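Step one of this worksheet: look at the structure below.
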Amino acid sequence: MTPIEFTSPPLRILIIKPSAIGDVVHALPVLNLLRGKWPQAKISWLVTPACAGLLDGHSQLDEVIRFERRRFGQSWRDPTAAAGLFGFARDMRERQFDLAIDLQGLFRSGWLSASTRAPVRVGPAGARELGWVFYTHRINTGTAELHAVERNLRLAEALGLGREPVKFVFPTDDEDRRFVATLAPNGLRYAVFLPGANWDTKRWPPEKFAACVAPLRERFGLESIVAGGSIDTPLAAQIPGALDLTGRTDLRQLVALLERAQLVIANDTGPMHIAAALGRPLVTMYGPTSPARTGPYGRMGSVVYLDIECRPCLGRHCSHTSCLRKLEPDSILQLAAEQMMAEAPSGRTTPLRVVYTSQNP
């Protein structure tokens, strides 16, 4: 791949990656490479308010620009929202970016890159919804079957940034860690459960999480903590014996909580990708989705799935959800033991494939 040639180093750079949590995590290596290549540049990141906590106060960023997607999404029928959107676009133009990088690859993000009028606007050649029409440079980032981090790194290579080191830097600081210590005192050894997910079909049943509480305490000496947003509190209520911290941490504090975890057991959800990026011992259950595309980057040995014919279906709705409902705690605990010993030569590097039989209901 021949890198894009710049007549002079870009001094004002915009990253467009509004959401979601896992996608923002997967874009962090690009930020790290940008900062290494052009340390004097002013780098901004356009992100939704819900994901801004992953970037606020980031040492490698100069500015976090909040894009109110829900409000601006009403522009087609609400004149006030439309005026706000075009005002936002005008503000982007007035910032005089030299380089706009669209890592989202949709019509809206492509349009936002064009609204900057940056002389160099880079995005994936396969951007959906004709988003590619807004770029000055269209990069072949591979097929959708390639992991999101790998696709982002291909774009980084096209900018002349290289692709190493693949580093995930978070803005969490000592103040966040002190706050977490008030919820989970220093010295407490714990496993974090992440039972939420944006699709119902991606949720391992909460009663299965609950069945792990006692074995984790008895076998590994770990207390169990349930984390996530306030929307996950009803799930936490179904996991007796675990400390419920849902809705009590913001994203920076959640990173601090996960940093100290001896083990994380999670569905295919954004915070799971934070735990993977932090290198924590991890077990993540995959049902309708494909770990090859959206799995924990470089951590395929953390994945467990049930080998049934209909998965991965990529379906948000299912009449039976067998792929997760029939995945038993014993398999999760088996993989947990392996992951907590991942430094050993026997550390798993491929997903744990569980074969379903009538004796394993």
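Numbering of the sequence shown is given in this note's numbering, commencing with residue 1 and proceeding in unit increments.
Yeah, the Cβ is synthetic: ideal placement off N, Cα and C, and Gly gets one too.
Please read these numbers as outputs of a predicted model, since none were measured by experiment.
Reference residue i; option with closest CA among the options
{"i": "Met-340", "options": "Leu-155, Ile-265 and Ala-181", "result": "Ile-265"}
{"i": "Val-169", "options": "Lys-17, Gly-287 and Ser-59", "result": "Ser-59"}
{"i": "Thr-289", "options": "Thr-321, Pro-240 and Pro-119", "result": "Thr-321"}
{"i": "Val-166", "options": "Leu-159, Gly-187, Glu-150 and Arg-178", "result": "Glu-150"}
{"i": "Glu-68", "options": "Leu-46, Asp-56, Leu-55 and Gln-262", "result": "Leu-46"}
{"i": "Pro-281", "options": "Ala-336, Lys-326, Arg-252 and Ala-236", "result": "Ala-336"}
{"i": "Gly-298", "options": "Thr-233, Pro-312 and Pro-351", "result": "Pro-351"}
{"i": "Glu-223", "options": "Glu-207, Pro-206, Asp-244 and Thr-233", "result": "Asp-244"}
{"i": "Glu-309", "options": "Val-355, Arg-348, Pro-234 and Thr-349", "result": "Val-355"}
{"i": "His-317", "options": "Leu-258, Lys-42 and Asn-198", "result": "Asn-198"}
{"i": "Glu-164", "options": "Pro-205, Leu-34, Thr-2 and Glu-338", "result": "Leu-34"}
{"i": "Leu-327", "options": "Ala-211, Ser-319, Arg-219 and Cys-313", "result": "Ala-211"}
{"i": "Met-1", "options": "Arg-95, Leu-254 and Thr-141", "result": "Thr-141"}
{"i": "Leu-254", "options": "Asp-173, Arg-128, Asp-91 and Pro-206", "result": "Asp-173"}
{"i": "Pro-234", "options": "Arg-252, Arg-217, Pro-206 and Glu-218", "result": "Pro-206"}
{"i": "Lys-208", "options": "Leu-314, Asn-267, Ser-319 and Leu-258", "result": "Asn-267"}
{"i": "Arg-362", "options": "Gly-187, Thr-349, Phe-88 and Glu-338", "result": "Residue 362 is absent from the structure shown; the chain starts at 1 and stops at 361."}
{"i": "Val-283", "options": "Gly-315, Arg-252, Leu-314 and Thr-349", "result": "Thr-349"}
{"i": "Lys-42", "options": "Arg-95, Arg-70 and Asn-186", "result": "Arg-95"}
Counterpart residues of residue i in DSSP-defined beta bridges
{"i": "Ser-44", "result": "Leu-14 and Glu-63"}
{"i": "Ala-190", "result": "Looking at the sequence itself, residue 190 is Tyr, so the reference to Ala does not match. Answer is Glu-223, bridged to Tyr-190."}
{"i": "Leu-263", "result": "Ala-191"}
{"i": "His-137", "result": "Val-122"}
{"i": "Tyr-305", "result": "Tyr-286 and Arg-353"}
{"i": "Leu-243", "result": "Ile-225"}
{"i": "Gly-292", "result": "Rather than Gly, the amino acid found at residue 292 in this sequence is Ala. Answer by DSSP bridge pairing: none, since Ala-292 is not bridged."}
{"i": "Asp-200", "result": "Per DSSP, none; premise fails for Asp-200."}
{"i": "Leu-333", "result": "Answer by DSSP bridge pairing: none, since Leu-333 is not bridged."}
{"i": "Ile-101", "result": "Ile-15 and Val-122"}
Residue i and residue j closer than 8 Å at C-beta
{"i": "Pro-291", "j": "Met-285", "result": "no"}
{"i": "Gly-131", "j": "Leu-106", "result": "yes"}
{"i": "Leu-324", "j": "Arg-203", "result": "yes"}
{"i": "Ser-113", "j": "Ala-100", "result": "yes"}
{"i": "Pro-79", "j": "Arg-66", "result": "no"}
{"i": "Ala-256", "j": "Asp-200", "result": "no"}
{"i": "Ile-231", "j": "Gly-196", "result": "yes"}
{"i": "Leu-161", "j": "Ile-4", "result": "no"}
{"i": "Asp-443", "j": "Pro-215", "result": "Lying before the first or after the last residue shown, residue 443 is absent from the chain, which here runs from 1 to 361."}
{"i": "Gly-84", "j": "Phe-72", "result": "yes"}
{"i": "Ser-109", "j": "Pro-18", "result": "yes"}
{"i": "Ala-242", "j": "Val-213", "result": "yes"}
{"i": "Trp-111", "j": "Phe-86", "result": "no"}
{"i": "Gln-262", "j": "Ala-191", "result": "yes"}
Nearest-angstrom beta carbon gap, residue j and residue i [assumed within contact, 8 Å]
{"i": "Pro-44", "j": "Leu-14", "result": "Rather than Pro, the amino acid found at residue 44 in this sequence is Ser. Confirmed, about 5 Å."}
{"i": "Arg-117", "j": "Arg-93", "result": "5 Å"}
{"i": "Thr-269", "j": "Leu-183", "result": "At roughly 20 Å, the Cβ-Cβ gap does not stay under 8 Å, so Thr-269 and Leu-183 are not in contact."}
{"i": "Ala-144", "j": "Arg-293", "result": "6 Å"}
{"i": "Ala-148", "j": "Val-30", "result": "That pair is no contact at about 11 Å."}
{"i": "Gly-221", "j": "Arg-189", "result": "6 Å"}
{"i": "Ile-16", "j": "Leu-103", "result": "6 Å"}
{"i": "Leu-54", "j": "Ile-21", "result": "7 Å"}
{"i": "Ala-52", "j": "Val-64", "result": "6 Å"}
{"i": "Arg-311", "j": "Gly-287", "result": "6 Å"}
Contact the segment 246 to 253 vs the segment 227 to 236: 3+ CB pairs below 8 Å: yes
Touch test, the segment 15 to 31 against the segment 266 to 285, Cβ-Cβ under 8 Å, three pairs minimum: Yes, the segment 15 to 31 touches the segment 266 to 285.
Sufficient close CB pairs (3 or more, under 8 Å) joining the segment 324 to 337 to the segment 300 to 313: yes
Touch test, the segment 3 to 10 against the segment 33 to 41, Cβ-Cβ under 8 Å, three pairs minimum: Short answer: they touch.
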